[in-house]
């Protein structure tokens, strides 16, 4: 299996739900990956305040942590989210792009442990914190 | 004033519709479309989680409206993904486990063919500010 080239992978636009949400690659570094969720009226959860719904932030963090697993494994392989917990530390500020930073903490034979934060200005002032696990399907005899 | 069951723009993006039920909060239905697709042939986990959160909010607002109304703020959510979401409609329902003065504990389940075989389950905590 060849390695995972994040720049080549991220040169493609996301299709499906990620594309509908407008999620894009933002950056990567040593052990982390960042995706961006641009503010859009269609993502509003509270029309009175204009604050984003929480669902798009879960999707952003699911994807950012997922890509972090592929980077850590140096391999693009199917995986399924087993669980994901999100703490909403504060509302996202209306109008700002939300950045989701994902990290893969630990790989075992069949499970990846991940964590991440979402922020809209600086990583020092996160708006959400996540922790989750993925099942590595290619390590489980192909069963979903 | 916003009606208790008005859906936000994000719910429209998911394609969610409400199915009214007597004496209970409405049930939600989300069709399978490219807009909610994850890996080929399966729903995106984020779309499932979003559906569960909308279901939780609908059920909580319904319960809160019966007690005089109020506003809610999400504190956290934990989602367990149990089965892949296939090419068929997904149903979801919120269950208010406890509605206190300041905090509400809410669960939500999503299923396709059989309610007893959920594809995902979520648990949420909300802060409640009563009117």
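Chains as they are written, first to last, in full-length UniProt numbering: chain A, 1 to 144; chain B, 1 to 131. The beta-carbon is built from N, C-alpha and C at its ideal position, and this holds for glycine as well. All of these numbers come straight from a predicted model, not from anything done at the bench.
Can you name, in chain order, every residue of its own chain whose Cβ lies under 8 Å from the Cβ of residue i, other than the five neighbours on each side?
| i | result |
| --- | --- |
| residue 64 of chain A | 33, 34, 35, 100, 101, 102 and 116 |
| residue 15 of chain B | 30, 31, 33, 35 and 36 |
| residue 145 of chain A | For residue 145 of chain A there is no data in the structure shown, the boundaries of chain A being 1 and 144. |
| residue 97 of chain A | 36, 37, 38, 39 and 120 |
Does residue i come out as helix, strand or coil in the three-state DSSP assignment?
| i | result |
| --- | --- |
| residue 140 of chain A | coil |
| residue 56 of chain A | helix |
| residue 10 of chain B | helix |
| residue 127 of chain A | coil |
| residue 28 of chain A | strand |
| residue 29 of chain B | strand |
| residue 75 of chain A | coil |
| residue 128 of chain B | strand |
| residue 81 of chain A | strand |
| residue 1 of chain B | In this prediction, residue 1 of chain B scores a pLDDT of 36, lower than 50, which makes its location untrustworthy; the coordinate-derived value is nonetheless stated afterwards. Reduced to three states, the DSSP call for residue 1 of chain B is coil. |
| residue 16 of chain B | coil |
| residue 122 of chain A | coil |
| residue 87 of chain A | strand |
Who are residue i's beta bridge partners in DSSP?
| i | result |
| --- | --- |
| residue 58 of chain B | Answer is none; residue 58 of chain B lacks a bridge partner. |
| residue 81 of chain B | B:120 |
| residue 149 of chain A | In the structure as shown, chain A begins at 1 and stops at 144. Residue 149 of chain A is therefore absent and cannot be evaluated. |
| residue 13 of chain A | Beta-bridge pairing links residue 13 of chain A to no other residue. |
Does the separation of the CB atoms of residue i and residue j fall below 8 Å?
| i | j | result |
| --- | --- | --- |
| residue 87 of chain B | residue 45 of chain B | no |
| residue 38 of chain A | residue 22 of chain A | yes |
| residue 10 of chain B | residue 111 of chain A | no |
| residue 53 of chain B | residue 124 of chain B | yes |
| residue 76 of chain B | residue 93 of chain A | no |
| residue 47 of chain B | residue 59 of chain A | yes |
| residue 131 of chain B | residue 68 of chain B | yes |
| residue 13 of chain B | residue 42 of chain A | yes |
| residue 56 of chain B | residue 108 of chain B | yes |
Taking 7 Å as the limit between beta carbons, can you name the residues of its chain near residue i, skipping five residues before and five after?
| i | result |
| --- | --- |
| residue 2 of chain B | With a pLDDT of only 43 at residue 2 of chain B, under the threshold of 50, the placement of this residue in the model should not be trusted; the figure read from the coordinates follows. So no residue of the chain qualifies. |
| residue 60 of chain B | 72, 94, 96, 104, 106 and 126 |
| residue 191 of chain A | This structure cannot settle anything about residue 191 of chain A, because the visible part of chain A is limited to 1 through 144. |
| residue 26 of chain A | 34, 35, 36 and 99 |
With a CB to CB cut of under 6 Å and the five nearest residues on each side skipped, what residues in its chain are close to residue i?
| i | result |
| --- | --- |
| residue 142 of chain A | Caution applies to residue 142 of chain A, whose pLDDT of 48 falls short of 50 and renders its modelled position unreliable; the model cannot decide the point. |
| residue 63 of chain B | 96 and 99 |
| residue 9 of chain A | none |
| residue 122 of chain B | 52, 77, 79 and 108 |
- Return the residues of the region 74–105 of chain A that lie within a Cβ-Cβ distance of less than 7 Å from chain B, sorted by chain order. 78, 80, 81, 82, 83, 84, 85, 86, 87 and 88
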